[in-house]
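Down below is the structure, laid out as C-alpha cells.
Residue numbers (the working numbering): 6 to 464.
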C-alpha cells in the first residue's frame with residue numbers, strides 16, 4: 006500500500022496538473038501569434054502598426070482579466086474563476102479561427118486575453134494555497150511548465166500547418182479549442198481552495214477540500230492553523246497601505262519580468278529571424294522557434310527540480326544575470342553587418358534558458374507567496390495587471406524600436422533593464438521553506454530596528 010505521504014503527493018500533483026492546463030492554454034494562445042502573423046499579415050494586408058495591434062490585442066484582454074481576477078476570485082472562489090477562463094479560451098479559439106474582418110479577429114483575441122488574465126492571476130494563487138511549504142515552489146512551477154509546453158506546442162503547430170498557405174492562421178488559432186474544452190471539464194475534479202473556503206466560513210467544504218488534497222493527517226494538521234491565521238488577518242479597506250512593501254515588491258518583480266524583453270522573441274521570433282537574422286526562409290525561422298520552445302520547456306523542468314532546493318532570491322538574481330549575458334551576446338550579433346543566424350539563435354536560446362530556470366517561474370512563485378489570504382486575490386490582481394501592462398508596452402514598442410534603434414540598440418535596452426533586475430533581486434527577502442502564514446509575519450510591524458530579519462528588504 007502506498008504511504009500517506011505518497012498519496013498526498015499524488016493528489017497534489019494531480020490537482021496541480023489539472024489547474025495548470027490553464028497555463029498550457031495561456032502559453033499556446035500567447036505564442037501561436039508568432040507563426041500566425043506571417044500568413045495573417047498577408048490575408049488582411051496589415052501594416053507594421055496593425056501587426057503590433059494583432060499581437061497585442063490579446064494582451065489588452067490580459068490586462069482587463071488580471072484587473073478583474075482578484076475581485077472575482079475573492080467573491081466567487083478560485084476554481085470558479087479558472088472555469089470562467091476556460092470558457093473564454095474556448096470561445097476565443099473558435100471565434101479567432103473564423104473572422105471575416107480584422108476587427109472581429111482582434112475582438113476574439115481580446116476575449117482570449119481576458120481568459121489568460123484570469124488564469125495567469127488565479128492559477129499560481131490557487132496552487133500556492135493548496136500546496137505545503139516544502140513543495141509549494143515546485144507545484145506552482147507546474148503552471149510555468151504548462152505555459153512553456155503550450156508555447157512549444159504552438160510553435161510545433163505553426164510549423165506543421167505552415168504548408169496550408171494563407172489560411173494557416175485559421176487552423177493555428179482554432180486548434181486551441183480542444184485543450185480549452187478539456188480544461189473546463191477536468192476542473193470539476195479539483196477542490197476549491199481550502200483557505201478561501203475557510204475565509205468564507207464554509208468549514209465543512211474546507212474540511213473536505215483538505216482531505217482531498219492531503220488525506221486525514223493533512224486535514225487535521227492544517228484546518229486549525231489556517232483558521233487561526235485568517236482570524237488574525239485584517240482585510241479592512243486600508244490593506245493596501247499596510248501591505249505596501251509586499252505589494253511594491255510584487256509590482257516591481259512583475260514589471261521586470263516583462264521589461265527584460267523576453268516576450269519579444271516569443272511573439273516576434275519568426276519576424277525577427279526572417280528580417281534581421283538572415284534565416285533565409287519562413288520554414289527555417291519556424292524550426293528555430295521550435296528549438297527555442299524545447300529550450301524553454303527543458304529549463305523549466307530544471308526549475309521544478311531546483312525551485313525548492315535553492316533560495317528564491319538566489320534563483321531570481323542568477324536568472325537575471327544569465328539573461329544579461331545572453332542579451333549582450335545578441336547585441337554583439339546584431340552589431341555585425343550580416344548577423345550570423347546560428348549565433349542569433351544560440352544567444353536567444355541562452356536568454357530563454359536563463360529566463361525559464363529562474364525569472365519565468367520564480368516571479369509567479371514569489372508573487373503568489375507574499376500576500377495574506379484575505380487580500381491575496383486583490384493583491385495578485387494588481388501585480389498581474391502591472392505584468393500585463395508591461396508586456397503590452399514591450400510588445401507594442403518592439404517593432405517601432407527596431408526601426409528607430411536597430412536590433413542591437415533595442416536589445417541593449419533590454420540588457421540595461423536586466424542589469425537593474427540583478428541589483429533588485431539580490432535584495433529580496435527569502436521565502437523558501439516558510440509557510441504562507443510565516444511569510445505573512447515578514448510584513449508585521451517590528452518593535453525596533455535590531456529585531457528586523459537581516460535578509461528583509463528595507464522599503
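All C-beta atoms in this analysis are idealised placements derived from N, C-alpha and C, irrespective of residue type, glycine included.
- At a Cβ-Cβ threshold of 8 Å, residue 66 and residue 128 do not count as neighbours.
- Less than 8 Å divides the Cβ of residue 420 from the Cβ of residue 333.
- Using a Cβ distance threshold of 8 Å, residue 90 and residue 120 count as a contacting pair.
- Secondary structure within the segment 317–370: the alpha helix (DSSP H) runs of 4 or more consecutive residues, fully enclosed, are 317–340, 346–359 (chain order).
- Here DSSP, grouped into helix, strand and coil, assigns residue 105 to coil.
- Separation of residue 101 and residue 263 (C-alpha to C-alpha, rounded to the nearest whole angstrom) is 25 Å.
- Around the beta carbon of residue 198, 16 or more other beta carbons sit within 10 angstroms, so the residue counts as buried.
- Counting along the chain, residue 204 sits inside the alpha helix (DSSP H) bounded by residues 199–204.
- Contact annotation: residue 393 and residue 117 have beta-carbon atoms that are not nearer than 8 Å.
- Apart from the 5 residues on each side of it in sequence, residue 23 sits with its Cβ closer than 7 Å to the Cβ of 191, 192, 194, 195 in its chain, given in chain order.
- Going by beta carbons, residue 25 and residue 158 fall outside the 8 Å limit.
- Here residue 143 has 309, 312, 313 as same chain residues with Cβ atoms under 7 Å from its own Cβ, once five neighbours each way along the sequence are excluded.
- A residue is called buried once 16 or more other Cβ atoms fall within 10 Å of its Cβ, and residue 134 is buried on that count.
- The Cβ neighbour count for residue 53, taken over all protein chains shown within 10 Å, is under 16; the residue is labelled exposed.
- Rounded to the nearest whole angstrom, the CA to CA distance from residue 353 to residue 292 is 14 Å.
- Check the Cα spacing between residue 169 and each of 41, 302, 340: the tightest is with 41.
- Residue 268 and residue 401 have their C-alpha atoms some 11 Å from each other.
- With 16 or more other Cβ atoms from the protein chains shown falling within 10 Å of its own Cβ, residue 325 counts as buried.
- In the three-state DSSP reduction, residue 438 falls in the coil class, being neither helix nor strand.
- Here residue 83 is buried: its Cβ has 16 or more other Cβ atoms, across all protein chains shown, within 10 Å.
- The residue from 407, 213, 279, 124 with its alpha-carbon nearest to that of residue 350 is 279.
- Residue 152 has its alpha-carbon roughly 30 Å from the corresponding atom of residue 408.
- Taking the C-beta atoms as reference points, residue 98 is found no nearer than 8 Å to residue 161.
- In its chain, beyond the 5 residues on either side, 344, 346, 349 have a beta carbon closer than 6 Å to the beta carbon of residue 282.
- Runs of the alpha helix (DSSP H) lying entirely within the segment 10–84 and spanning at least 4 residues, in chain order: 26–49, 53–81.
- Annotation for residue 384: the continuous alpha helix (DSSP H) segment containing it runs 378–430.
- Annotated three-state conformation of residue 140 is coil, per DSSP.
- In the assembly as shown, residue 438 is an exposed residue. Its beta-carbon has fewer than 16 other beta-carbons within 10 Å.
- Judged by beta-carbon spacing, residue 389 lies within the 8 Å limit of residue 125, meaning their Cβ atoms are closer than that value.
- For a cut-off of 8 Å, the C-beta gap from residue 130 to residue 383 is around 11 Å, too long to register as a contact.
- Per DSSP, the continuous alpha helix (DSSP H) segment holding residue 184 begins and ends at 182–191.
- The beta carbon of residue 358 lies closer than 6 Å to those of 300, 304 in the same chain, with the five residues before and after it left out.
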